[in-house]
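In the order they appear, the protein sequences are chains A and U.
Quick note on numbering that gives the first Met the number 0: the first sequence kicks off at 0 and runs consecutively.
Quick note on numbering that gives the first Met the number 0: the second sequence kicks off at 0 and runs consecutively.
Backbone N, C-alpha and C define an ideal beta-carbon position, used for all residues, glycine too.
Since this is a predicted model, take the numbers as computed values, not measurements.
Have a look at the structure below, then the notes.
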Amino acid sequence: MPVPSPPLTILEEFLLLALDDSVGRFYPLARSTLDCTLAGAVLMDLSLRHRIDNDLHDLFVTDASPTGSPVLDPALAILARSPVLTPKPIAAWLRDLSASSDDLRERALRQLEALGILRREDTKILWVFGSRRYPLLHQKEQREVKLRVLGVILRDDIPEPHDIMLVTLAHACGLFHHILNDHELTAASARIDQVARMDLIGQAVAKAVAEIETAIAMASGFR
Amino acid sequence: MPDSDCLFNVLIEMARLIQLFKSPISHNELKDLRKIGVRRNGSRPEQPVANLLEKGFNGAASFFLGVETMPVTQRAISFTAEPDVMEISGRLDDGTAPAIEEDALLCIRCGARRMVIDCHDLTYVTGAGMRSLLTVARAMRQADGRLIVCDLQPQVARMFAASGIDAMIPVYAYQSEAIASLAG
C-alpha cells in the first residue's frame, strides 16, 4: 500500500499557483515582492503547525521544536534564534525571513520535485544564456489548488484558514492579475478584498509589499 | 514500540469510540464534555462523566488527542435549552484554541445547530484563536446551523474588526440579544 504524501505547505501551493503551466515558468512578479510573499507563506505554514502565533501587532514563537518539513524547519530555526520567544512585529519577522527567500524557494521547489509534481529543466538560449523551466509532471495538484482558490473567491462560503492564507498571498503580490482575466477580477474584487483581510500575517505581507512598491515608485520618480 | 497490551487497549478504545458515535449523545452527556476538556492533561475525569466513560470516550480522546501539559483556558458549555451557549474565558490562543475548537465541532457533530459563543470573560485572542472560531463557524454553516458570538472585550473586538471576520460571524453585544436573534 503506497504511503500517502503529506499535504502541501502554503509555500508549495503558492509556488504552484504562481507557475504558468503553459510555459513552465513563474508569472513575472517583482523580486522584492516575491521575497516578502514567500516569507509570509512560511510564517503562515508555521502558524498552521502551531509553532508561532500572533496578535494584532506581534508574532511570537510558541514551540521551537522542528516540524519535520525540510522547507519550514530552517525558517523556524531563524525565528527561534535568541532571544527565543520574544515577540516581534510581524513586519520584522518578514524582513528576517525575506533575506533567505531564495533558499526557501529552492527548498520548496526541491520538495515539489521530490513529490513528483514538477521537474527542473535547464536549457541554454543561443548556447550562452541559461534558462530554467519547471514543467508540471502532473496537473492534478496545481488544478486542485486553483480550484480551491477560485472556489473561495467566487462563492460566499466561510473559507478554510489554509485557503484564506493562499488568497491573501496571491492578492498581496498581485498574482490574481495573472491567473484571472479582467472580467473575473472585476467580479471577484470585493470578495478578494474581504478574504484578504482575514489573515493578519497576510495583512502584514500586503502592507510590506505596498511599502516596497511605494519606495520603488518614489525612487523611479526621483531619477 | 508499543507492547501488545497497549495496542490491544487502543483497539478496544477505538471500538468504543466508534460505538459512541453510532449512538446519539444526549445533551446531558454533552454538558459533561467540558469536564473532559479541562482535564485533557492525562488524568482520569471523575463523576459525573460516568456515562461517557462507560462509552470509552475519555480513554480514546486522551489517546488520540494527546496530552496537554499546560492547563487550558477555563471554559464551560451549558446546554440549558436551545440555542446552545459556549462560554469561553481567559485566552484563546495557540495553546487553548485547538481544544475549544474540538469541543465546539463535537457539539455540531452531535446536533447543535444554534450556538452562541459568549466571550464575556475572553480577554485575549490571537490569530490561532481567530482561525479556530472561523473553523467552527464554517462547520456550523455547512451543517445549515447558525453561530453567533457575543460580548466581545476590547482586544477581541479589535481582532474581529481588523480581520473583518465580524462580516462572517454575527456579533452581538449581549448574550440575551444573541439568544433572542437565534430564537427568531
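Listed in chain order, the alpha helix (DSSP H) runs fully inside the stretch 29-65 of chain A are 30-47, counting runs of at least 4 residues.
When C-beta atoms of the stretch 207-219 of chain A are compared with those of the stretch 54-67 of chain A, fewer than three pairs fall below 8 Å, so the two segments do not count as touching. With a cutoff of 8 Å on beta-carbon distance, Cys106(U) and Ile87(U) are scored as not near each other.
Pairing Val148(U) with Pro88(A), the inter-Cα distance amounts to about 28 Å.
Note on Asp19(A): under 16 other CB atoms within 10 angstroms of its CB, so exposed under the neighbour-count rule. Against chain U, the CB of Ile178(A) has no partner CB under 8 Å away; the residue lies outside that interface. Cβ proximity to chain A below 9 Å picks out Ala161, Ser162, Gly163, Ile164, Ala166, Met167 and Ile168 from the stretch 160-175 of chain U.
Here Gln110(A) really is in contact with Pro69(A); their C-beta atoms are around 6 Å apart, less than 8 Å. At least one CB of chain U lies nearer than 8 Å to the CB of Asp54(A).
Between Tyr173(U) and Gln154(U), the CB-CB gap reaches or exceeds 8 Å. Proximity of Leu75(A) to chain U, defined by a Cβ-Cβ separation below 8 Å, is not satisfied. Using beta-carbon distances, Leu18(A) does not count as an interface residue toward chain U, since no partner is under 8 Å. By the rule that beta-carbons nearer than 8 Å mark a contact, Asp121(A) does not touch chain U. Interface residue (Cβ-Cβ distance to chain U less than 8 Å): Asp181(A) is not classified as such. Here Asp181(A) carries a helix assignment [DSSP, helix/strand/coil]. Gly89(U) carries a strand assignment under DSSP once its states are collapsed to helix, strand and coil. With fewer than 16 other beta carbons inside 10 angstroms of its own, His182(A) counts as exposed. Between Leu146(U) and Met114(U), the C-beta gap is smaller than 8 Å, which places the two residues in contact.
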